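J.: Residue numbers (the numbering used here), protein chains in the order written: chain L, 1 to 260; chain C, 1 to 277.
By construction, the Cβ of each residue, glycine as well, lies at the ideal position given by its N, Cα and C atoms.
Predicted model, so just to flag it, every value in this text is computed and none were measured.
Okay, here's the structure, questions in a sec.
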Amino acid sequence: MKKNSERNHKYYVLGFYLLLLGSWQLFSSLNLIQDYLFPAPVDVARRLWQLGSEGFLWPSIEATLARMAVGFSISAGTGLIIGLLMGMSRLINGCLRSLFLGLQTLPTAGWVPISVLLFGLSDHGIYFVIIMSSVAAVAIATSDGILNISPIYLRAARTLGTPAYAMPSHIILPAALPGIITGIKLGWTLGWHGAVSAELIKSSVGLGYLLYMGRELNDVSQVIAIMLITILFGLLLDRFLFGLIERSVRIRWGLESNAA
Amino acid sequence: MKVAPNPEPLLTPPAMASAKLRIERVVKTFQNATQTVEALQPMSLDVQEGEYVVLFGPSGCGKSTLLNLVAGFEEPTDGTIFLDGKEVKGPGNDRLMMFQEHALFPWLNVIDNVMYGLKWERAYRFRFRARRKRAMELLEMVHLTEFARSSIHELSGGMKQRVALARALAPDPQVLLIDEPFPALDALVRAKLYAQLQDILVRTRKTILSVTHDPHEAACLADRVVVFTARPGRLKTQIQIDLPRPRDINDPQVADYARGIAAELEDTNEEEFGTKP
Ligand SMILES: Nc1ncnc2c1ncn2[C@@H]1O[C@H](COP(=O)(O)OP(=O)(O)OP(=O)(O)O)[C@@H](O)[C@H]1O
Ligand SMILES: [Mg+2]
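Structure follows, in structure tokens:
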């Protein structure tokens, strides 16, 4: 019964997107929107195909993902360590939490100008933007994860003779894992925003660069095509990679049931 | 709140050494912003080596508090707790606690949970094989060898409690502290678990201090049942259970004792609520 209604729900959502795409195409075909202002879906698809076959698309996706791999690894590692310290010391938590919450109100693109001033047009500046966009989210989620650890695990660990030096690695980090993964997932999304924003201004390859070129060339199809690709890859990693890890951890930790 | 130090030693050293676990005039009060809660009034209790003592009493009378004190999670406001004549300070795996919720680590599978406590034992420190061998023996004891590689969330409630028991027994603690270990299990599973637990107890001769709300459980498992008054908890009476082991929870003699224990609790409740005619 429940399964059935869930499947119906999925069909409705699929139908919604088909309707959206269909009406967009219809509006363009009927010339209700000017095609130099806003292209039809087929134009976007054609442009995307061109970008792919001319060899612009893959290298750009690869470049952005590679920058994310470097920048976000640094950011996640740093955020994890800072979050661990925040989770274990009330003083550090008090100081850094307010700072991070403040910094988080800055839109990710807000880090771009300062990165240009500090790092010029090198890739280091892009790493900087990725790190600054995401490190606070990872740190805060990690510390929240630690502060929410059920005290029963800590007591069990102590009664089983865990020495103090082994607590972070053997108990605190694994017990906080569900929260940490949520933070990494959020951090990834923010870092992805940051990466593309930074590439808009200071790169010669990457998704942001293709967006920028599309604007320079007045090529709306390219802009929309790259926007869709950016959404697609952001979503792919967020939903599928981190989303699946998150779910399996939550099931294992008994926070969610695996009855689908 | 410290009472002035007693000039005379209360007990002579030989007497101190005789009890495995000695709880000596222990007081515990909890202080928060608005009020002071007196959880335990001066409470003294000796537990002999190999004895199974069950704490029994109305809800909120300080049973869990006493276990936490013995485990070393909390410090007594006054009084002292001795293990083998040595004062207890902080948690340690010579007094292992089994919790009301199973408290197994979900990031480890069943056998890794059982092996966990051994990692910090000198004899097993860098000996993975020895740890695994010991863990397998314990899983065999609780009849869960086929589930050694399972995740915790794949087990039933009763199975989790059995894993928790195996994990607690692994480092061979001298004293086992058990806080309502088998709540909310169906009668059949429980009867089986009691049988298993007694079997293990007879074999390992552990000193056990446990808490239960179930008079049948108390009568079935205990050598001695200690009945608490309502909060603040004090010792009300003690009931010695002189029945041979292994005991069956459905045995009429066990049921007789259970009735006696339950009657003690009713008395306390009546005192508390003033319903006695
Ligand atoms: N950390 C704490 N802070 C304040 N009060 C506490 C704390 N722990 C326990 N208490 C109080 O101490 C009293 C005894 O609590 P305890 O948990 O030992 O009762 P119990 O006998 O185990 O009850 P139950 O049978 O319901 O588990 C209760 O009134 C409780 O409110
Ligand atoms: Mg309790």
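CB of Glu180 (chain C) to nearest heavy atom of ligand 1: below 8 Å?
T.: Locating residue 180 (chain C) in the second sequence gives position 180, counting from the first residue. Flag set: Cβ of Glu180 (chain C) near ligand 1.
J.: What residue range does the alpha helix (DSSP H) around Asp123 (chain L) cover?
T.: Start at 1 with the first residue of the first sequence, and residue 123 (chain L) comes out as number 123. Note, Asp123 (chain L): alpha helix (DSSP H), 123 to 147.
J.: Quick one: is the Cβ of Ser64 (chain C) within less than 8 Å of any heavy atom of ligand 2?
T.: Stepping through the second sequence from its first residue, residue 64 (chain C) is reached at position 64. Indeed, a heavy atom of ligand 2 lies less than 8 Å from the Cβ.
J.: Measure the beta-carbon distance from Pro205 (chain L) to Thr230 (chain L) and round it to whole angstroms, keeping in mind my assumption that it falls under 8 Å.
T.: As a first step, residue 205 (chain L) must be located in the first sequence, where it is residue number 205. As a first step, residue 230 (chain L) must be located in the first sequence, where it is residue number 230. Before going further, note that residue 205 (chain L) is Val rather than Pro in the sequence given. Not really, about 14 Å apart at Cβ, beyond 8 Å.
J.: Would you list, in chain order, the members of the stretch 147 to 160 of chain L that have their beta-carbon closer than 7 Å to a beta-carbon of chain C?
T.: For the stretch 147 to 160 of chain L, which is checked against every Cβ of chain C, the residues closer than 7 Å are Ile152, Tyr153, Arg155, Ala156, Arg158, Thr159, Leu160.
J.: Is Ser210 (chain C) near ligand 1, going by C-beta to nearest heavy atom under 8 Å?
T.: Here residue 210 (chain C) refers to the residue found at position 210 when the second sequence is read from its first residue. Incorrect: Ser210 (chain C) has no Cβ contact closer than 8 Å to ligand 1.
J.: What does Ser151 (chain C) touch in chain L if you count any residue whose Cβ is under 8 Å from its own?
T.: For the purposes of this step, residue 151 (chain C) is identified with residue 151 of the second sequence, where counting begins at 1. Ordered by position in chain L, the residues that pass the 8 Å Cβ test against Ser151 (chain C) are Arg252.
J.: Taking 9 Å as the CB-CB cut-off, is Ala103 (chain C) touching chain L?
T.: Here residue 103 (chain C) refers to the residue found at position 103 of the second sequence. Taking Cβ atoms only, chain L reaches closer than 9 Å to Ala103 (chain C), which makes this a yes.
J.: Does Thr229 (chain C) come out as helix, strand or coil in the three-state DSSP assignment?
T.: Residue numbering aside, residue 229 (chain C) sits at position 229 when the second sequence is read from its first letter. Coil.
J.: By DSSP, does Thr162 (chain L) sit in helix, in strand, or in coil?
T.: Position 162 of the first sequence, counting from 1, holds the residue named residue 162 (chain L). Coil at Thr162 (chain L), not helix or strand.
J.: Given the structure, does Gln100 (chain C) come close to ligand 2, in the sense that its CB is under 8 Å from one of the ligand's heavy atoms?
T.: Residue 100 (chain C) sits at position 100 when you count from the first residue of the second sequence. Yes, the Cβ of Gln100 (chain C) comes within 8 Å of a heavy atom of ligand 2.
J.: Taking the alpha-carbon positions, what's the Val171 (chain C) to Gly161 (chain L) distance?
T.: Here residue 171 (chain C) refers to the residue found at position 171 of the second sequence. Here residue 161 (chain L) refers to the residue found at position 161 of the first sequence. For clarity, residue 171 (chain C) is Pro in the given sequence; the question names Val instead. Computed Cα separation, rounded: 9 Å.
J.: For Val27 (chain C), which of C:Glu49, C:Arg224, C:Leu67, C:Leu221 has the nearest alpha-carbon?
T.: As a position in the second sequence, residue 27 (chain C) is number 27, starting the count at 1. Out of C:Glu49, C:Arg224, C:Leu67, C:Leu221, C:Leu67 has the C-alpha closest to the C-alpha of Val27 (chain C).
J.: Using CA atoms only, rank isn't needed, just tell me which of C:Lys206, C:Arg259, C:Val225, C:Pro232 is closest to Gly50 (chain C).
T.: Position 50 of the second sequence, counting from 1, holds the residue named residue 50 (chain C). Comparing Cα positions, the closest option is C:Lys206.
J.: So, using beta-carbon positions, are Gly233 (chain C) and Met98 (chain C) closer together than 9 Å?
T.: For this step, residue 233 (chain C) is matched to residue 233 along the second sequence. For this step, residue 98 (chain C) is matched to residue 98 along the second sequence. No, the pair does not count as a contact, with Cβ atoms beyond the cut-off.
J.: On the DSSP letters alone, give me the boundaries of the beta strand (DSSP E) that Gly79 (chain C) sits inside.
T.: In the second sequence, the residue the question calls residue 79 (chain C) occupies position 79. Start and end: 78 to 83.
J.: I'd like the list of long-range same chain contacts for Pro173 (chain C), defined as Cβ closer than 8 Å, with 5 residues on each side in sequence excluded.
T.: Taking the first residue of the second sequence as 1, we reach residue 173 (chain C) at position 173. Within the same chain, Pro173 (chain C) has close Cβ partners Asn93, Asp94, Arg95, Leu96, Lys206.
J.: Are the beta-carbon atoms of Gly194 (chain L) and Thr108 (chain L) separated by less than 9 Å?
T.: Counted from its first residue, the first sequence places residue 194 (chain L) at position 194. Counted from its first residue, the first sequence places residue 108 (chain L) at position 108. Going by C-beta atoms, Gly194 (chain L) is nearer than 9 Å to Thr108 (chain L).
J.: Can you list the residues of chain C that Thr162 (chain L) reaches, using a CB-CB cut of under 8 Å?
T.: Mapped onto the first sequence, residue 162 (chain L) falls at position 162. Ordered by position in chain C, the residues that pass the 8 Å Cβ test against Thr162 (chain L) are Trp120.
J.: Are the C-beta atoms of Tyr194 (chain C) and some chain L residue less than 9 Å apart?
T.: Working through the second sequence from its first residue, we reach residue 194 (chain C) at position 194. It does not; no Cβ of chain L falls within 9 Å.
J.: In whole angstroms, what separates the C-alpha of Tyr124 (chain C) from that of Asp46 (chain C)?
T.: Numbered from 1 along the second sequence, position 124 holds the residue referred to as residue 124 (chain C). Numbered from 1 along the second sequence, position 46 holds the residue referred to as residue 46 (chain C). Going from the Cα of Tyr124 (chain C) to the Cα of Asp46 (chain C) covers about 32 Å.
J.: Would Ile171 (chain L) count as contacting chain C if we go by Cβ distances under 9 Å?
T.: In the first sequence, residue 171 (chain L) corresponds to position 171, counting from 1. Interface residue, yes.
J.: Using three-state DSSP, classify Ser210 (chain C) as helix, strand or coil.
T.: What you label residue 210 (chain C) is simply residue 210 of the second sequence in a count that begins at 1. Of the three classes helix, strand and coil, the one that applies to Ser210 (chain C) here is strand, per DSSP.
J.: Checking 9 Å against the spacing of the C-beta atoms, do Ser134 (chain L) and Trp188 (chain L) come in under that value?
T.: Position 134 of the first sequence, counted from the start, is the residue given in the question as residue 134 (chain L). Position 188 of the first sequence, counted from the start, is the residue given in the question as residue 188 (chain L). Yes, the Cβ-Cβ distance between Ser134 (chain L) and Trp188 (chain L) is below 9 Å.
J.: Starting from Val202 (chain C), follow the beta strand (DSSP E) in both directions and report where the run begins and ends.
T.: For the purposes of this step, residue 202 (chain C) is taken as the residue at position 202 of the second sequence. It is not in any beta strand (DSSP E) - Val202 (chain C) instead sits in the alpha helix (DSSP H) that spans 187 to 204.
J.: Where do the N-terminal and C-terminal ends of the beta strand (DSSP E) with Tyr52 (chain C) fall, by residue?
T.: Along the second sequence, one-based indexing puts residue 52 (chain C) at 52. Counting along the chain, the beta strand (DSSP E) containing Tyr52 (chain C) begins and ends at 52 to 56.
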